[in-house]
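*Asks:* Those sequence lines, one after another, are chains A and B.
Just so you know, the first sequence maps onto residues 1 to 503 in our numbering.
Just so you know, the second sequence maps onto residues 504 to 995 in our numbering.
Where a beta carbon is used, it is the ideal one built from N, C-alpha and C, also for glycine.
Here's a structure for you.
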Amino acid sequence: MVEAVSIVPTPALLKGETGDWELVIGLEVHAQVTSNSKLFSGAATDFGSEPNSQVSLVDAAFPGMLPVINEFCVEQAVRTGLGIEAEINLRSVFDRKNYFYPDLPAGYQISQYKQPIVGEGMVHVDLPDGSVRSVGIERLHLEQDAGKSLHDQHPKNTYVDLNRSGIALMEIVSKPDMRSGEEAGAYVRKLRTILRYLGTCDGNMEQGSLRCDVNVSVRKPGDKLGTRCEIKNVNSVRYLQQAVDYESRRQIEELEAGRPIKQETRLYDANTGTTRSMRSKEEAHDYRYFPDPDLQPLQLTADYVARIKATLPELPDAKRARLESELRIAPYQARVLVAEKESADYFEAFVAAVAKRTGKPLQDIGQDCANVVVTELFGILNKEGKPIEASPISADALASLQALKMDGTISGPTAKKVFEEMFATGKDAAAIVEEKGLKQVSDTGALEALVDKVIAENPKQVEQFRGGKETVITFFIGQIMKLSRGTANPGLLNELLKKKLQG
Amino acid sequence: MADLCDLTLAEARDGIRAKKFSSAELTRAHVDAMISARPLNAFISETPVIAKAMADESDKRIARGEARALEGLPLAIKDLFCTKGVRTTAASHILEPFVPTYESTVTSKLWADGAVMLGKANLDEFAMGSSNETSYFGPVENPWRKPGDNRARVPGGSSGGSAAAVAARFALGATGTDTGGSIRQPAAFCGIAGIKPTYGRCSRWGIVAFASSLDQAGPMARTVKDCAILLRSMSGFDPKDSTSVDMPVPDYEKALTGNIKGLKVGIPEEYRVDGMPAEIDAMWRRGADWLKAAGAIIKPVKLLLTTYALPTYYIVAPAECSSNLARYDGVRFGLRTKGDDLTGMYEGTRGEGFGREVRRRILIGTYVLSAGYYDAYYLKAQRVRALIARDFANAFNEVDVLLTPTAPSSAFARGEKSADPIAMYLNDVFTVPASLAGLPGMSVPAGLSSDGLPLGLQLIGRAYDEETVLRTAAVLEEAAQFEARPPVWWKQ
């Protein structure tokens with residue numbers, strides 16, 4: 001693991017009537033485990049299927065049905081734990097969390113209460129100013145998802161869809177280490193990136209694969225932690241920031257008006273951007289947790305953990321550090337490149353293909369390749385609202401273009417045009433260059449003829465140049481580029497022009 | 504031909520194989536006996552049509568020379584085992600309309616070995632009870648009566664229907680389940696044999712759960728050998744039950760060598776509880792003498808925590824039950840009563856669907872798991888449970904098997920204890936400790952009480968050592984020569 005260089009951000013304080021307030025945020029993220037089957041049954045987990053089409057007798061809690069742990073989900077949890085630098089608990093226990101609700105068929109959720117599978121860890125969160133906030137992880141545990149109650153299908157009755165019932169979730173609980181909505185948002189983004197690198201959660205917030213509950217409290221700087229409120233139903237990074245902003249303002253107003261904060265669960269309303277009380281601490285459920293007698297404690301071996309560790313992919317922090325040190329890419333671009341696993345994969349495939357085609361070492365081509373991807377490719381993809389996976393130019397195709405540019409076959413400006421053409425048509429770079437005759441003219445004889453022609457046709461400008469106004473050379477370059485349709489080798493052209501004009 | 508219903512399961516098996524009679528004949532005899540024994544109320548559902556089809560299939564197999572271990576043998580199935588296409592009620596109103604689409608692992612194994620299903624046997628509601636009086640489908644009556652006293656006596660519980668069916672000879676054997684004594688105590692009350700194997704021996708998959716960490720299926724039959732034959736078919740690892748044990752299943756019948764020379768038999772003095780009738784104490788001593796005469800070494804052992812077993816059990820079992828029975832909520836299957844809102848539907852369904860004893864245990868269980876009480880009750884009970892298991896482990900360093908009475912009394916009269924739950928719970932005082940420790944326990948008929956009712960002795964063995972338990976039980980059985988039969992009063 002490459003240690004991130006930590007520049008600890010200074011907490012942004014909120015101004016109140018009575019002075020500055022510090023905001024303290026902790027998050028509980030529910031991440032749906034990427035797995036073809038559920039945590040304790042063999043039922044499928046495809047999103048968007050017909051209601052109640054992916055339900056086994058275990059998921060519907062029929063009499064006599066018993067849960068059997070899905071080993072792949074355990075592996076995914078361990079992999080995630082290792083990815084957030086956490087300790088793996090070799091012994092963990094599944095508990096029952098008891099409460100009644102129609103979409104909870106057994107009347108209890110199988111979760112992990114006192115002995116989770118993953119203990120303390122750390123996520124390094126990159127903030128826009130380049131600083132890094134290290135957010136502690138309290139724990140990660142495995143649990144089942146509930147089904148879905150559908151209240152809008154019938155005027156009086158509620159329908160229940162159990163497709164989601166029993167799907168494996170990882171609840172990842174952070175320490176109260178964040179100090180602004182922005183930091184909380186950045187934490188979720190970073191966690192999502194790590195999960196996606198690991199392949200343990202697809203991070204799709206719209207489909208509910210990643211959901212957050214936020215704990216917010218405020219305090220005067222230096223004071224002990226204030227009373228917190230838990231905000232539920234926060235299902236996008238934007239909402240998260242809104243919810244935190246609203247809730248922190250609300251708490252400051254309450255405190256400054258002399259009303260103490262009551263510990264409670266609040267609901268975020270995305271329509272109004274506000275939070276409202278859902279239930280107080282007194283109304284909280286008594287879940288009557290106890291170890292699930294249908295399941296043995298989960299016992300892992302150090303070997304098992306080591307085997308999983310050996311298969312971990314390079315994670316964003318390490319990749320970024322390597323891009324900076326080995327490929328000599330500037331920090332900003334390195335950060336952009338690693339933010340999505342797909343972007344990073346694309347870039348790495350691209351740069352490797354360029355190295356192969358040109359025979360040049362990575363450190364010499366890294367920055368230039370980064371520029372092409374971050375500026376050109378991401379630029380046009382963003383404009384068209386397409387993800388990298390939908391890029392019409394493959395990493396290899398882009399590499400062929402880059403190689404043509406690097407070996408002087410085409411000029412930089414031509415490369416840009418060819419790039420646009422490739423993006424629009426999906427055609428191969430070499431074919432476009434060939435078809436449109438865009439090959440850079442590096443033949444001295446051919447260029448000389450053009451130079452002579454333009455000098456002969458523009459005596460006035462020649463006069464000016466010779467009179468000391470050397471900037472007029474750009475006029476000549478422009479004219480020749482126009483005549484050559486941009487194919488003239490700029491270096492050679494410059495050299496020839498100077499020689500002839502001074503001649 | 505002798506009455507086919509008088510045969511033991513082993514004799515019937517051998518007779519079928521020797522083609523002395525067909526499974527159809529054997530089954531027919533039992534179905535007729537079952538129908539004539541309806542006054543006992545031992546069955547919730549009779550399945551004579553299924554029985555006939557299974558028997559015919561067995562006869563075809565026998566004709567082809569493909570007889571399996573239990574080919575053509577009619578059995579009663581406790582109505583706690585889910586049976587595909589056959590209503591499974593757990594003797595509860597809340598499951599009254601429930602027809603499973605699946606077959607429990609244990610019954611699947613029995614059918615795979617050729618057994619024939621006679622019907623679904625009555626039990627205490629959700630297996631909660633020691634007298635079979637809590638069944639929504641009415642109490643089972645013990646075929647035994649006190650001479651000169653026509654009052655109905657309880658068959659014990661919770662596997663009361665299974666025990667009565669076997670004792671009254673309309674099933675060759677039966678499945679039972681035992682959480683705190685539900686196989687052993689009714690076996691003792693009805694004068695038959697029954698073994699609760701080690702926790703994990705039989706799969707719990709498809710058995711309606713009462714207390715998951717204690718529930719265990721086992722056979723009930725008229726002889727130890729019959730139990731051994733049935734247990735072999737019922738046992739085995741099941742990947743669908745995470746608590747089932749992945750160990751080879753021995754041929755238990757072969758374990759019945761009759762030889763217990765040098766076997767060390769422990770007598771736990773703590774089981775000599777206050778108020779235990781003298782005749783039970785006497786029978787216990789007689790049992791020890793029989794084993795001694797057969798060459799065993801009798802040793803006193805200490806099980807100091809015995810008195811804590813019952814209170815521990817009545818915390819752990821209700822706690823698990825309160826959670827296990829949460830699924831009966833009227834939403835997906837079983838009974839649903841209409842309510843004005845969700846809470847109304849829940850309250851109506853569960854209030855109407857569960858009987859008094861089940862409601863009592865759900866409430867006790869909910870209480871002991873509640874915030875503020877968990878440590879004092881549930882957690883402490885778990886600790887005591889671990890200590891009780893250690894007590895047994897220590898005793899088994901010194902002896903190979905333990906001998907105790909099965910129950911502190913003979914079958915009591917119906918209604919005698921139903922108003923006093925504590926008196927009822929005390930029935931399990933000798934069976935509960937082995938349940939808490941997960942150990943195999945077996946009841947063998949040992950004689951009649953002074954008032955003419957059967958009494959049983961219990962053998963408790965090491966974990967997974969059902970063989971020693973069965974071998975010792977067979978020696979006891981041989982010595983006891985228990986040949987008494989209930990008077991057949993129900994046929995008039």
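Provide the residue(s) that pair with residue 217(A) in DSSP beta bridges, ordered along the chain.
*Replies:* The partner list for residue 217(A) (beta bridge, DSSP) reads 24(A).
*Asks:* Strictly below 9 Å CB to CB, what residues from chain B border residue 69(A)?
*Replies:* Here the neighbours are 745.
*Asks:* What are the residues of the stretch 718 to 745 of chain B that lie near chain A, defined by any Cβ-Cβ distance shorter than 8 Å?
*Replies:* Against chain A - using a Cβ distance shorter than 8 Å - the residues of the stretch 718 to 745 of chain B are 742, 743, 744 and 745.
*Asks:* Return the Cβ separation of residue 554(B) and residue 620(B) in integer angstroms, given the expectation that the two are a contact with Cβ distance under 8 Å.
*Replies:* About 6 Å; that satisfies the 8 Å criterion.
*Asks:* Quick one: what does DSSP say residue 69(A) is sitting in, helix, strand or coil?
*Replies:* Residue state, collapsed to three classes: coil.
*Asks:* Determine the direct distance from the alpha carbon of residue 539(B) to that of residue 604(B), and round the result to whole angstroms.
*Replies:* Using only the alpha carbons, I get a separation of about 30 Å.
*Asks:* Hey, quick one: how far does the beta strand (DSSP E) through residue 466(B) stretch, first residue to last?
*Replies:* Because chain B in this structure spans residues 504 to 995, residue 466(B) falls outside the shown range and cannot be described.
*Asks:* Quick check: the stretch 735 to 754 of chain B against the stretch 574 to 582 of chain B, are at least 3 beta-carbon pairs closer than 8 Å?
*Replies:* Verdict: no, contact absent.
*Asks:* Counting only beta-carbon separations shorter than 7 Å, does residue 710(B) have a partner in chain A?
*Replies:* Taking Cβ atoms only, chain A reaches closer than 7 Å to residue 710(B), which makes this a yes.
*Asks:* With burial defined as no fewer than 16 other Cβ atoms inside 10 Å of the residue's Cβ, what is the status of residue 205(A): buried or exposed?
*Replies:* Residue 205(A) is buried by the Cβ-count criterion.
*Asks:* Would you mind working out which of 147(A), 374(A) and 78(A) sits nearest residue 338(A), comparing C-alpha positions?
*Replies:* Minimum Cα distance to residue 338(A) is reached at 374(A).
*Asks:* So, is the C-beta of residue 533(A) closer than 7 Å to a C-beta in chain B?
*Replies:* Examination of residue 533(A) is not possible in this model, given that chain A is present from 1 through 503 alone.
*Asks:* Helix, strand or coil for residue 730(B), going by three-state DSSP, please let me know.
*Replies:* Three-state DSSP puts residue 730(B) in a helix.
*Asks:* When the cut-off is 7 Å and only beta carbons count, does residue 835(B) lie next to chain A?
*Replies:* Cβ-Cβ to chain A under 7 Å: yes for residue 835(B).
*Asks:* Would residue 873(B) and residue 286(A) be called neighbours here (beta carbons separated by less than 7 Å)?
*Replies:* It is a contact, given that the beta carbons lie within the stated cut-off.
*Asks:* Let me confirm a value: residue 918(B) is counted as buried when at least 16 other C-beta atoms fall within 10 Å, else exposed. Which label applies?
*Replies:* Answer is exposed; the Cβ neighbour count stays below 16.
*Asks:* In whole angstroms, what is the alpha-carbon distance linking residue 959(B) and residue 154(A)?
*Replies:* Cα to Cα, residue 959(B) sits roughly 59 Å from residue 154(A).
*Asks:* What residue ranges within the stretch 294 to 354 of chain A form continuous alpha helix (DSSP H) runs of no fewer than 4 residues, ordered along the chain?
*Replies:* The stretch 294 to 354 of chain A contains these whole alpha helix (DSSP H) runs: 302 to 310, 316 to 325 and 331 to 338.
*Asks:* Since residue 869(B) meets chain A, which of its residues come closer than 8 Å, beta carbon to beta carbon?
*Replies:* Simply 288.
*Asks:* Is there contact between the stretch 707 to 719 of chain B and the stretch 57 to 67 of chain A, where contact requires at least three CB pairs shorter than 8 Å?
*Replies:* Enough Cβ pairs lie closer than 8 Å, so yes.
*Asks:* Under a CB-based cut-off of 7 Å, is residue 39(A) close to chain B?
*Replies:* It does not: the Cβ of residue 39(A) has no partner Cβ on chain B nearer than 7 Å.
*Asks:* Residue 170(A) to residue 30(A), Cα distance in whole Å?
*Replies:* Looking at the two C-alpha atoms, the distance is approximately 6 Å.
*Asks:* Can we say the stretch 592 to 606 of chain B touches the stretch 847 to 866 of chain B, given the rule of at least three CB pairs closer than 8 Å?
*Replies:* Enough Cβ pairs lie closer than 8 Å, so yes.
*Asks:* Can you give me the C-alpha to C-alpha distance between residue 133(A) and residue 472(A), rounded to a whole angstrom?
*Replies:* Rounded to whole angstroms, residue 133(A) to residue 472(A) spans 52 Å at the Cα level.
*Asks:* When the cut-off is 7 Å and only beta carbons count, does residue 109(A) lie next to chain B?
*Replies:* No, residue 109(A) lies away from the interface with chain B (no Cβ there is under 7 Å from its Cβ).
*Asks:* According to DSSP, is residue 379(A) helix, strand or coil?
*Replies:* Here residue 379(A) sits in helix by DSSP.
*Asks:* CB-CB under 8 Å to residue 87(A), same chain, minus the five flanking residues each way: which ones, in chain order?
*Replies:* Within the same chain, residue 87(A) has close Cβ partners 81, 118, 119, 120 and 121.
*Asks:* Is residue 979(B) helix, strand or coil when you go by DSSP?
*Replies:* Reduced to three states, the DSSP call for residue 979(B) is helix.
*Asks:* Could you please tell me which residues of the stretch 813 to 828 of chain B, in chain order, have their CB closer than 7 Å to any CB of chain E?
*Replies:* Structure shown: chain E not included; protein chains present are A and B.
*Asks:* Quick check on residue 81(A) - is its C-beta less than 7 Å from some C-beta in chain B?
*Replies:* For residue 81(A), the answer is no, since every Cβ of chain B falls outside 7 Å of its Cβ.
*Asks:* Tell me which residues of the stretch 35 to 63 of chain A have at least one Cβ-Cβ distance to chain B shorter than 8 Å, keeping chain order.
*Replies:* Correct list: 57, 60, 61, 62 and 63.
*Asks:* Taking only beta-carbon atoms, is residue 715(B) less than 7 Å away from chain A?
*Replies:* Yes, residue 715(B) counts as interfacial toward chain A.
*Asks:* Would residue 774(B) and residue 907(B) be called neighbours here (beta carbons separated by less than 7 Å)?
*Replies:* Yes, these two residues count as a Cβ contact at 7 Å.
*Asks:* Can you tell me whether residue 325(A) is buried or exposed? The criterion is at least 16 other CB atoms within 10 Å of its CB, across all chains shown.
*Replies:* So residue 325(A) counts as exposed.
*Asks:* Determine, for residue 504(B), whether the minimum Cβ-Cβ distance to residues of chain A falls below 7 Å.
*Replies:* With a pLDDT of 45 at residue 504(B), under the threshold of 50, the modelled position of this residue cannot be trusted; read the value that follows with caution. Chain A contact via Cβ: absent.
*Asks:* Take residue 887(B) and list the residues in its own chain whose beta-carbon comes closer than 6 Å to its own, dropping the five residues that flank it on each side.
*Replies:* Answer for residue 887(B): 811 and 815, listed in chain order.
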